[in-house]
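Undergrad: Residue numbers (our numbering): 146 to 253. The structure follows.
Right, here's the structure in full:
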């Protein structure tokens, strides 16, 4: 944890958009794999480390809540595959569909 604190405290690595990105770059050999996106894991760990035990428990409960909600949202997004011909008979096209419209005779 001291390494994370020192890395975040003493500046950034070139190319990072913030100190969390610098921490990510320093731990992955200079390439975080996500360009232009900050990874705040270092900041989260640093702040979590400094919290009292009672608040750490609250953070843990909140994380569990978020994971549960995310799983519930994934289940709602499931899309049904469309079956070819499922709308057969729902729409009727008249036999004179391609015939010229009387209102436009002046323009033809």
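Every residue, glycine too, gets a C-beta built ideally from N, C-alpha and C.
1. Excluding the five sequence neighbours on either side, which residues of its own chain have a C-beta within less than 7 Å of the C-beta of residue 210, listed in chain order?
2. Which word fits residue 234, buried or exposed, when buried means at least 16 other C-beta atoms lie within 10 angstroms of its C-beta?
3. How is the alpha helix (DSSP H) around residue 194 delimited, first residue to last?
4. To the nearest angstrom, how far is the alpha carbon of residue 215 from that of residue 231?
5. If we cut at 7 Å on Cβ distances, does residue 203 have a partner in chain C?
6. Use the C-beta contact count for residue 191: other C-beta atoms within 10 angstroms, 16 or more gives buried, fewer gives exposed.
7. Quick one: Cα of residue 189 to Cα of residue 218, how far?
TA: Quick look at the numbers:
1. Counting only Cβ-Cβ distances below 7 Å, and skipping sequence neighbours, we find nothing.
2. Exposed, since its Cβ has fewer than 16 Cβ neighbours within 10 Å.
3. Element bounds for residue 194: 186-195.
4. Each residue's Cα considered, the two are about 32 Å apart.
5. The displayed structure is made up of one protein chain only, and chain C is not part of it.
6. Burial state of residue 191 is buried, judged by a 10 Å Cβ sphere holding 16 or more other Cβ atoms.
7. So the two alpha carbons sit approximately 24 Å from each other.
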